[in-house]
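Encoded as structure tokens, the structure appears first; notes follow it.
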Amino acid sequence: MSLVLIAEQILNGLQFGIMLFLMSAGLTLIFGVMGLINLAHGSLYMIGAFIAAAVASATGSFILALVAALSAAALAGAIVEMTIIRKLYNRDHLDQVLATFALILIFSEGTRWVFGSFPLYLDVPAYLQGAVTLPGGIQYPLYRITLIVFGLIIGAGLGLLITKTRIGVQIRAGENDREMVSALGVNISKLYTFVFALGAALAGLAGALVGTIQSVEVGMGEPVLILAFVVIVIGGIGSVKGALIGSILVGLTDTLGGIFLPKLFGLFMDLATATNVGSSIASMSIYILMSIVLVWRPTGLFGQKI
Amino acid sequence: MNKVFKFPIIISTVLSVIAGAASADTKIGMITTLSGGGAGLGVDVRDGFMLAINQSGRSDIEVIIEDDQRKPDVAVKLADKMIQSDKVDILTGIIWSNLAMAVVPSVTAQGKFYLSPNAGPSALAGKGCHENYFNVAWQNDNLYEAAGAYANSAGVGNSFVLAPNYPAGKDAIVGYKRTFKGDIAGELYTKLGQTDYAAEIAQIRASGAENVFFFLPGGMGISFLKQYAASGVDIPLTGPAFSFDQGILQAVGAAALGVVNTSQWNKDLDNAANKSFVKSFKEAYGRLPSLYASQGFDTANLVISALEKADVNNAGAFRDALRAADFESTRGDFSFASNQHPIQSIYARQVIQEGDVFTNKVLSMVLENHSNAYVDDCKM
Amino acid sequence: MIKERQLNTFVLGLLILIPIWAYLNDEPFIITLMTRAVIFAIAAVGLNLALGIGGFISFGHAAFFGLGGYVMGILAWHSQSYVTLIEWPIIFEGTKSMPLIWIITILLSALLAAIIGMISLKTTGVYFIMITLAFAQMMYYFSTSWSAYGGEDGLSIYMRNSFPGLNTLDPIQFFIICCTILFIVLFFMGRLIKSPFGLALNASRQSRQRVEAVGFDFHKLQLTAFILSGAITGLAGALFADLNRFVSPSMFSWQLSGEFIVFIIIGGVGRLFGPVIGALIFVWLEHSIGGISDYWHIFLGLILLAIVLFGKGGIIGLVCREDTQNE
Chain Z
129 MSLVLIAEQI LNGLQFGIML FLMSAGLTLI FGVMGLINLA HGSLYMIGAF IAAAVASATG
189 SFILALVAAL SAAALAGAIV EMTIIRKLYN RDHLDQVLAT FALILIFSEG TRWVFGSFPL
249 YLDVPAYLQG AVTLPGGIQY PLYRITLIVF GLIIGAGLGL LITKTRIGVQ IRAGENDREM
309 VSALGVNISK LYTFVFALGA ALAGLAGALV GTIQSVEVGM GEPVLILAFV VIVIGGIGSV
369 KGALIGSILV GLTDTLGGIF LPKLFGLFMD LATATNVGSS IASMSIYILM SIVLVWRPTG
429 LFGQKI
Chain U
575 MNKVFKFPII ISTVLSVIAG AASADTKIGM ITTLSGGGAG LGVDVRDGFM LAINQSGRSD
635 IEVIIEDDQR KPDVAVKLAD KMIQSDKVDI LTGIIWSNLA MAVVPSVTAQ GKFYLSPNAG
695 PSALAGKGCH ENYFNVAWQN DNLYEAAGAY ANSAGVGNSF VLAPNYPAGK DAIVGYKRTF
755 KGDIAGELYT KLGQTDYAAE IAQIRASGAE NVFFFLPGGM GISFLKQYAA SGVDIPLTGP
815 AFSFDQGILQ AVGAAALGVV NTSQWNKDLD NAANKSFVKS FKEAYGRLPS LYASQGFDTA
875 NLVISALEKA DVNNAGAFRD ALRAADFEST RGDFSFASNQ HPIQSIYARQ VIQEGDVFTN
935 KVLSMVLENH SNAYVDDCKM
Chain W
-8 MIKERQLNTF VLGLLILIPI WAYLNDEPFI ITLMTRAVIF AIAAVGLNLA LGIGGFISFG
52 HAAFFGLGGY VMGILAWHSQ SYVTLIEWPI IFEGTKSMPL IWIITILLSA LLAAIIGMIS
112 LKTTGVYFIM ITLAFAQMMY YFSTSWSAYG GEDGLSIYMR NSFPGLNTLD PIQFFIICCT
172 ILFIVLFFMG RLIKSPFGLA LNASRQSRQR VEAVGFDFHK LQLTAFILSG AITGLAGALF
232 ADLNRFVSPS MFSWQLSGEF IVFIIIGGVG RLFGPVIGAL IFVWLEHSIG GISDYWHIFL
292 GLILLAIVLF GKGGIIGLVC REDTQNE
């Protein structure tokens, strides 16, 4: 277990976390500002990946694919918000759960209807392929480094949007007190549509970026959705900073846990049992992490006190 | 819920009367995965199966097809419906071992025949075997055993092995180790459904192994292959055909080129039945068949061959007819072992590119007339 | 505009008449379908105590459903393979007797609910939703990798468990067992809702302060409700595993937890018969529209959307137009 290997695994955990951040940032904003539990967020992630795959094979341009993914997801988000979600703000969480659950069904089978049952092809563009040698001798894929950098830039951009722009002020105020904001003359419906579309765009972009090195298939969004919920709960609902810290924590725990827990158990168990026990606990590790955080801070690390 | 395929053709009706074949309708219930992420495999099995049924020209076979959504309880419910309500004689179609484990024992206990076009769990090959259960694809371990044998023949001294932490994954490693004579440089179990393999790939790089054997079906395999190709690690990969079938290869693309994988079937196997199968499948469906499609095709032809000899209502005679396996398989030589799993040859094949399409090419035969490890456990 | 009581009687009637019709017309599959609906109804009635009346949304009730299934599976598997389960303090080889299995299931599910409840009820709102989900996910991953009992492949129980005096493999007899349990559970629920405990729980959903002002311990109320809720859903799990003669980690899936919530919403949150109506409708929809096309999930989704957007208060709310549950 060399230091180089450990360092590389930490980088991997970071990168996984940053991708989770893109998903969770949108989710936490939507929940924080609008109080809406959106189970269909995973579907928007999937739509982004599929559109990216379709545009990439039609035009051959990765950049165009990303832009298309972002826009398509934002558009889908805006349409869904205006037609369906809008009617749910005043309802309780249960109705939101059911409606967005229904949306998952529609989007998943709809995607399969349009694109077929087999996974789609989407790959890293030639100029981002290959590995770079980092200080210390670590060979790391160029694309993953790009993802980390890209994710951090978007995170910074979001942070700027929220703290330094007018819309950001409205978002933060809306998280605190919806009625007051409306009473002060802000066009709440426009704000909500904007926030939802923004969240959707982030999810779609994440889907396209991650789908490039994973598989583009129906149902790819749901596992990520669960992880994103875990992240925003750990980080605290409504807090973008919390989403960033939460995703990095989750990314590191998941990655490092999967590698080191079996080895840890291997110290005092035989290989077969150690791998068994270690892998099982590794797959439960992020949920154990979340439970610990919630017991310590019932509203997450940076969540608002209720 | 019913998709009924009937193809009445006058000539075949006359012929069947002349041949004295069974005049009662034979009902086959197909439970397979047609929705959700893993639907590609079910679609292939169904399409291969129905192609053979259509080609037979028989009008006395009725196939009822249902979607199990990859859920065990839905599969059980559908099996109940097919037996109790539709009154089928034969069941088939299940792709996944866990669904097979839920359905097969009770189907065979109720006196119906079950012919598996894919899933071959060891429990049903050994202690849980039953005279009504036939597997037309392989016993799950076969392709992994072949990978181990290939590694031996290629002179590999040590391997890194990787699979998800669930029974089929563990079976894969066990199967590989059964034949592989070298050392194990590293053994990792990933989370089922895991999509990011950067950590595992780093371990592989650090291990110094001569090759990597991995079993990661479906989307997991696609993710792993893409990430492995991007990582710059140049240790050769091997695996069973499940990550390199025709449907998945198009999604993986160049990342899979050159990988050696083991399979009992490939589109370039040189026999008449296979050549005609590949050609007619392409004409009928507009795509190349995968091994799943060939398995569905062979299953249907097995049934048809048995029907030529016996009526499905005469269980003893029909069973004997099935055991005889008197049909032209797309794999060439095909017969059943005593636990009614195939005895067949398994090949090492390599991923190549033909024009725009990614596909496989046979390299060598790795195991000839290979049976399975559970024959002795089966007390039939 | 019919009263809720009349609607409930109508549903009870359907539960009895449809299987009788199916039995007389030799359609055993319909009986099996009704049994499936009844078992889901029991699971959802359990959840409704916590969710509808208590007001805390558990997205992890599949944890209890799956636990019930595995309790049944493990006990029956040891019994059918003659492998000893525990050697100390007494030698126990498992059992295939339904009543015994149910008792053990209820006790263990209650225990699990106590553990999960004590940790989770410190949180509220979406945090509670997520932490209950987390526990169900933990059990899912744990059972997938626990090869001793099949892991992801699950456990097959070839013969249905035994109930004194009945042939449990006969669809109608097994249905009668499950339906009787549903009636008992509904009766128990009905009394519970009107008892001081039930009224206090209902009140606690609306205002914590007032309930505490009257002298109730808020946490104790919630925890008790959660434990009862988990025990009932666990029992449903044992029945479900018996119905399918199979148990696997999929009984822990979060999609299943979501489906239980869906049943309650379709029927009417907090209503006694809400889960029953919801489960019946869902199972029948699943059965009947599956035939329309390969993509029938789209239609299911559209129907669910319509119910949520236009049917406030679920079916009961739509049909009865009463704001609260009446007697």
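Chains as they are written, first to last, in this note's numbering: chain Z, 129 to 434; chain U, 575 to 954; chain W, -8 to 318.
We treat Cβ as the ideally placed atom computed from N, Cα and C, and that holds for glycine.
Considered as a whole, the stretch 605 to 681 of chain U harbours 613 to 630 and 646 to 658 as its complete alpha helix (DSSP H) runs of no fewer than 4 residues, in chain order. In this structure S134/W is buried. Its beta-carbon is surrounded by 16 or more other beta-carbon atoms within 10 angstroms. For E761/U, the nearest CB of chain Z lies under 8 Å from its own CB, placing it at the interface with that chain. Legend: CB atoms of the stretch 664 to 679 of chain U lying less than 7 Å from CB atoms of chain W belong to residues S671, N672, M675, A676 and P679. Residues A197, L198, A200, A201, A331, G332, L333, A334, G335, A336 and G339 of the same chain have their beta carbon placed closer than 8 Å to that of G176/Z, with the five preceding and five following residues left out of the count.
As computed with DSSP, L157/W is found in a beta bridge with F154/W.
Residue pairing by DSSP puts P916/U in a beta bridge opposite F910/U. Distances from the alpha-carbon of Q924/U to those of P810/U, E719/U and G700/U put P810/U closest. Linking S408/Z to M397/Z through their CA atoms gives a straight-line distance of about 15 Å.
In terms of Cβ geometry, D641/U and S864/U do not form a close pair [threshold 8 Å]. Measuring C-alpha to C-alpha distances from E18/W to each of R632/U, L625/U and D660/U identifies D660/U as the nearest.
Straight across, the Cα-Cα distance linking W839/U with I920/U is about 7 Å. Look at T156/Z: its C-beta is not under 8 Å from any C-beta on chain W. Taking 4 residues as the shortest admissible run, the stretch 165 to 224 of chain Z contains the following complete alpha helix (DSSP H) segments, listed from N- to C-terminal end: 169 to 187 and 190 to 211. DSSP places H278/W within a helical segment (H, G or I) once states are collapsed to three. The Cβ neighbour count for D621/U, taken over all protein chains shown within 10 Å, is at least 16; the residue is labelled buried. Contact of S659/U with chain W is assigned, a C-beta pair being separated by under 8 Å. In the three-state scheme derived from DSSP, where H, G and I count as helix and E and B as strand, E84/W is classed as coil. Taken in chain order, no unbroken stretch of alpha helix (DSSP H) lies wholly in the stretch 230 to 282 of chain Z with a span of 4 residues or more. For G347/Z, the residues of chain U that pass the 8 Å Cβ criterion are G610 and G611, in the order they occur in the chain.
Among the CB atoms of chain Z, none fall inside 8 Å of the CB of Q197/W.
Judged by DSSP in its simplified three-state form, S938/U adopts strand. Assignment of V421/Z by DSSP, reduced to helix, strand and coil, places it in the helix class. Among the CB atoms of chain Z, one or more fall inside 8 Å of the CB of V617/U.
T933/U has a beta carbon lying at 8 Å or more from every beta carbon in chain Z. The beta carbon of A613/U sits closer than 6 Å to the beta carbons of T607 from its chain, once the five residues preceding and following it are set aside; these are given in chain order. Taking 8 Å as the upper bound for CB-CB distance, R893/U and E705/U are in contact here, some 6 Å apart.
The Cβ neighbour count for S837/U, taken over all protein chains shown within 10 Å, is at least 16; the residue is labelled buried. Of the residues V323/Z, L312/Z, S245/Z and E307/Z, the one whose Cα lies closest to the Cα of S343/Z is S245/Z. DSSP places Q684/U outside both helix and strand once states are collapsed to three, so it counts as coil. Linking I362/Z to I165/Z through their CA atoms gives a straight-line distance of about 16 Å.
Within the stretch 785 to 812 of chain U, the residues whose Cβ lies closer than 7 Å to any Cβ of chain Z are, in chain order, G793, I796, S797, K800, Q801, A804, S805 and G806.
The stretch 183 to 193 of chain Z makes no contact with the stretch 314 to 324 of chain Z: fewer than 3 CB pairs, one atom from each, lie closer than 8 Å. Listed by position along chain Z, the residues whose Cβ is nearer than 8 Å to that of M242/W form an empty set, because the closest Cβ is around 17 Å away. I282/Z is positioned such that its CB atom lies no closer than 8 Å to that of L155/Z. Within its own chain, the residues whose Cβ lies closer than 6 Å to the Cβ of S413/Z, once the five positions on either side in sequence are excluded, are T381 and G385, listed in chain order.
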